[in-house]
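Student:
In the numbering used here, the protein residues as written are 947 to 1057.
1. Grab the span of the alpha helix (DSSP H) containing residue 968 for me, first residue to last.
2. Should residue 1056 go down as buried or exposed, given a rule of 16 or more other Cβ atoms within 10 Å for buried?
3. Pop quiz: residue 989 and residue 996 are said to be a contact at Cβ under 8 Å. What is the actual Cβ separation, rounded to whole angstroms?
4. What number of angstroms, rounded off, separates the C-alpha of residue 969 from the C-alpha of residue 978?
5. Along the beta strand (DSSP E) that carries residue 982, what are the first and last residues, could you check?
6. Alpha carbon to alpha carbon, what distance is there between residue 962 and residue 1010?
7. By the three-class DSSP mapping on this structure, what secondary structure does residue 999 have?
8. Leaving out five residues before and five after residue 998 in sequence, what residues of the same chain have Cβ atoms less than 7 Å from its Cβ?
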């Protein structure tokens, strides 16, 4: 009798559902995980239930009370803040690498 091998998360090739951005304030990171725009916590497995469960932590926040267009605007503003923080961290990484005088090949691999 052949035993079925269990599926792994990597084999499932999950992607972030666009609806989760608006509903649960989640975005996909470069590491293919979800990140909460409200608290910047990373949720490892991309599943709707995980996003929903994490968002329940923020139900008392003002973000949960937003509906419709104001909610979309808030998500876009939070994404801009995340992008600017992410860009700043990449800049600081490049300054550290240049200060340490690593070969340029290492810099390309790190970024």
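Here a beta-carbon is modelled for each residue, glycine too, at the ideal position from N, C-alpha and C.
Fair warning: this is a prediction, and the values are worked out from it, not measured in the lab.
Tutor: In brief:
1. Here the question's residue 968 lines up with position 22 in the chain shown. Here the alpha helix (DSSP H) through residue 968 covers 964–970.
2. Numbered from its first residue, the chain shown carries residue 1056 at position 110. Unreliable positioning characterises residue 1056 in this predicted model, as indicated by a pLDDT of 49, which lies under 50. The coordinate reading is nonetheless provided below. Exposed, since its Cβ has fewer than 16 Cβ neighbours within 10 Å.
3. Mapped onto the chain shown, residue 989 falls at position 43. Mapped onto the chain shown, residue 996 falls at position 50. Indeed, because the Cβ distance is near 5 Å, the residues count as touching under 8 Å.
4. Reading the chain shown from its first residue, position 23 is the one you call residue 969. Reading the chain shown from its first residue, position 32 is the one you call residue 978. Rounded to whole angstroms, the separation of the alpha carbons of residue 978 and residue 969 is 19 Å.
5. The residue given as residue 982 occupies position 36 in the chain shown. Looking at the DSSP string, the run of the beta strand (DSSP E) that includes residue 982 is 980–982.
6. Counting from 1 along the chain shown, the entry for residue 1010 is found at position 64. Counting from 1 along the chain shown, the entry for residue 962 is found at position 16. In a straight line, the C-alpha of residue 1010 is about 20 Å away from that of residue 962.
7. For the purposes of this step, residue 999 is taken as residue 53 along the chain shown, with counting starting at 1. Helix, per DSSP.
8. Taking the chain shown and counting its residues from 1, the one referred to as residue 998 is at position 52. Excluding positions up to five away in sequence, the list reads 970.
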